[in-house]
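Protein chains in written order, with the numbering used here: chain L, 36 to 443; chain X, 36 to 443. Ideal Cβ positions, reconstructed from N, Cα and C, are used throughout, including at glycine. Note that the structure is a prediction, hence the values are computed from the model and not measured.
Below you can see the structure in the form of structure tokens.
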């Protein structure tokens, strides 16, 4: 008998029929002797509908009140899922985040879980109940309802798994596991049986949007074993995310190719290579709440250097305006360049650590395809490049083939 | 400066535009110096939609889980109302029933409020906030979300008014006050400026469904002044429900005529007039959870009597079956008669207490109209009769005219 957390996302609980399917799956696990805590998202479309209502009342809705409104989506699904379980003869109880004592900080809309009280969970499990939890939400210390931000139900599931020391945290989604790359770009992409947390972190943050990055970080921190499964496919073992490298069954050099079409590249050219310049460039960007992803600076020649970074495409115009108006003259930069027709591609794999020559092989493959590389950045387990967006699909296909990722 | 509770029902907050109107009304009161606690219902149709979803998951949904699902309707309206207020530059905060410490018993779907903690309310009011409360809901002592049943937002408003000793509890609805009778039947029906609680209780329970009976009881118990107003009409003073007779500005003999087409009449004829017979008749009816309204028994002649009572029309068949199968032979009754083509009509007025001859005048009016009376029952402030449903409208019109209710 194992204690399993099962998380079902919006498409898995899209409507009453799908909720019924989810309840059947939970019932099967429960009947085979496992203890189950199910974490559910809002029915797909529901959160957007609620945000739409809030937008009708107020432009840029007050975040406390917005959380009050949108947290109801998960509460409804939780109640409906419990009803379906009870209808199948399974003892079940649903809870909101605040009923369960899921305490968060007060960052409405993107709150972080501080603490989970497992008293109620343990008592109900002991009495044979399946517990259904409304994901994505909690209560701050002064009693305000908070939400964890988009995809936050993953975090709820992982945090509960960590707090109650679950044997496994199963994330049900609309894909049947983690693939070597997006199968829509490379039909030969292969499902991985396992992937390490570090690799998953790179894959998730780079745009393979199966799991929310924060939930992966949380799982890694508390060493919660996660399994990604399809809610549409009752067979299949999905992909296990392991936290120990040696437990990984397969150990290829490269696990996958992640990519992201959402980023734009910004270059500040001819910058005096003096201390404090990086801060002078990025400070005003951060002040405007614009997230920066890659940051690259080359060794300067003759006292000047180029400083390049990426932002989300939707933030490019504001970023350029800030740099031109507030930064350019101040740091005496030669020119500011912005390019939104780029994409980021990353080779990811823990095996890279002990294998030389991956980078040079990658660059040769791209060169053979006549694909130019704008910028390069590396970490221990990934190599990322920015290239023209028009070349992205070809680059992914060529690299997938060259590194034989379609083979197990 | 007064402390005012304002309650807005489903049609008043039917959609974002209507919620905006409600927020404007609250803002006006707030700007003129009053402290406001607004209690809101779910947007009209929302609760039925949620019940429909629950019904799809399970026949006769588990009541705890049903409350979990349907309590979200009011939470959404509360958040949206607060957003609209904030958008108008008014400081506002919304709360669920459980956040506010509205403690109820555990009768899911029809819970009763046990206690309200006014700490948060007082603190927010002091800081200048308008507080918006999700009506219709609370938390039981072990932390389950409960609902107060249909129309329960009225009870929430009155209970908060009582707990915080508000100066007035305003109930906004789709009528602009309490009328002498239903204007659809008597176009000359006149809006009352005031009505006593006892009269309102008779009017409400007899089918003038402006206020939930329970909320009126609660208001009477705690002497909370209620004012019924139209949310569609920004002028107009509505009808005040007073708890002291002498405070009533007008003091007519009859305040209004209530009627109810939902009741059916059941007669058990030729019953031995012995102790225990009433219980033997009504016990099995109560056991089947059938509500009984009027009960009439005449003084018996030659050891036998007739026993008459009314039930809801939908319960007539079951009632007849129970009486014929379980009761008739046992008490040796001559016959059981059921009639669903009847209606109840009541003259209501505290003035009756000190005015003789109201009953005889009423019976004369009906007699002049050639309307036969099946049964009669009276209390200190009302006279109720059961008559043929086909005669109801004529009876109401004739009585309204005879008692000059159209005159102020």
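52, 54, 55, 58: these are the residues of the segment 52-65 of chain L whose beta carbon lies less than 9 Å from some beta carbon of chain X, given in chain order. Between the C-alpha atoms of residue 436 of chain X and residue 382 of chain X there is a straight-line separation of about 13 Å. Per DSSP, residue 105 of chain L is one residue of the alpha helix (DSSP H) stretching across 98-105.
Taking all protein chains in view, the Cβ of residue 214 of chain L is crowded by 16 or more other Cβ atoms within 10 Å, so the residue is classified as buried. Across the segment 105-125 of chain L, CB contacts with chain X closer than 7 Å involve 107, 110, 111, 113, 114, 115, 117, 118, 119, 121, 122, in sequence order along the chain. By the Cβ test, the segment 77-95 of chain L is not in contact with the segment 55-68 of chain L, since fewer than three Cβ pairs between them sit closer than 8 Å.
Taking 8 Å as the Cβ-Cβ cut-off, the segment 67-99 of chain L approaches chain X at 85, 88, 89, 91, 92, 93, 94, 96, 97, 99, given in chain order. Against chain L, a Cβ distance below 8 Å from residue 129 of chain X picks out 100, 103. Of the residues assessed, residue 391 of chain X falls on the exposed side of the cut-off, its CB having fewer than 16 other CB atoms within 10 angstroms. Counting C-beta pairs closer than 8 Å gives three or more between the segment 337-351 of chain L and the segment 369-376 of chain L, which meets the contact rule. Of X/344, X/82, X/271, the smallest CA-CA separation from residue 303 of chain X is found for X/344. For residue 73 of chain L, the CB contacts under 6 Å within the same chain, skipping 5 residues up- and downstream, are 41, 61, 167 in chain order. Taking a C-beta cut-off of 9 Å against chain X, the contacting residues of the segment 174-197 of chain L are 174, 178, 179, 180, listed in chain order.
From the beta-carbon of residue 247 of chain L, no residue of chain X is found nearer than 8 Å; the closest lies around 24 Å away.
Non-local beta-carbon contacts of residue 119 of chain X in its own chain, meaning distances under 7 Å to residues more than five positions away in sequence, involve 54, 55, 58 in chain order. Interface flag for residue 134 of chain L against chain X is set, since a Cβ pair is found closer than 8 Å. Restricting attention to L/315, L/253, L/135, L/113, the CA atom closest to the CA of residue 360 of chain L is found in L/315. If you draw a 10 Å sphere on the C-beta of residue 107 of chain X, you find 16 or more other C-beta atoms in it, and that means buried.
In this chain, the alpha helix (DSSP H) harbouring residue 249 of chain X covers 248-257. Annotated as proximal: residue 171 of chain X and residue 182 of chain X, with beta-carbon spacing under 8 Å. With a threshold of 16 other beta carbon atoms within 10 Å, residue 247 of chain X meets it and is buried. When rounded, the separation of the alpha-carbon atoms in residue 137 of chain X and residue 175 of chain X is 8 Å.
Excluding residues up to 5 positions away in sequence, 126 lie with their Cβ nearer than 8 Å to the Cβ of residue 162 of chain L in the same chain.
Remark: C-beta atoms of residue 48 of chain L and residue 75 of chain L approach each other more closely than 8 Å.
Annotation for residue 329 of chain L: no alpha helix (DSSP H) segment contains it, though the beta strand (DSSP E) segment containing it runs 327-332.
Taking the C-beta atoms as reference points, residue 394 of chain X is found nearer than 8 Å to residue 413 of chain X. Contact annotation: the segment 286-302 of chain L touches the segment 230-240 of chain L, with at least three C-beta pairs closer than 8 Å. For residue 150 of chain X, the pairing in a beta bridge is given by DSSP as X/138. Contact annotation: the segment 249-265 of chain X does not touch the segment 307-314 of chain X, with fewer than three C-beta pairs closer than 8 Å.
Judged by DSSP in its simplified three-state form, residue 266 of chain L adopts coil rather than helix or strand. Nearest to residue 268 of chain X by C-alpha distance, out of X/210, X/218, X/322, is X/210. Ranked by how close their Cα comes to the Cα of residue 130 of chain X, the residues L/113, L/121, L/178, L/140 have L/178 in first place. The shortest C-alpha to C-alpha distance from residue 429 of chain L to any of L/164, L/325, L/378 is the one to L/378. Judged by DSSP secondary structure, residue 399 of chain X falls outside any beta strand (DSSP E) and instead within the alpha helix (DSSP H) spanning 393-403. Going by DSSP, residue 169 of chain L is part of the beta strand (DSSP E) stretching over 165-169.
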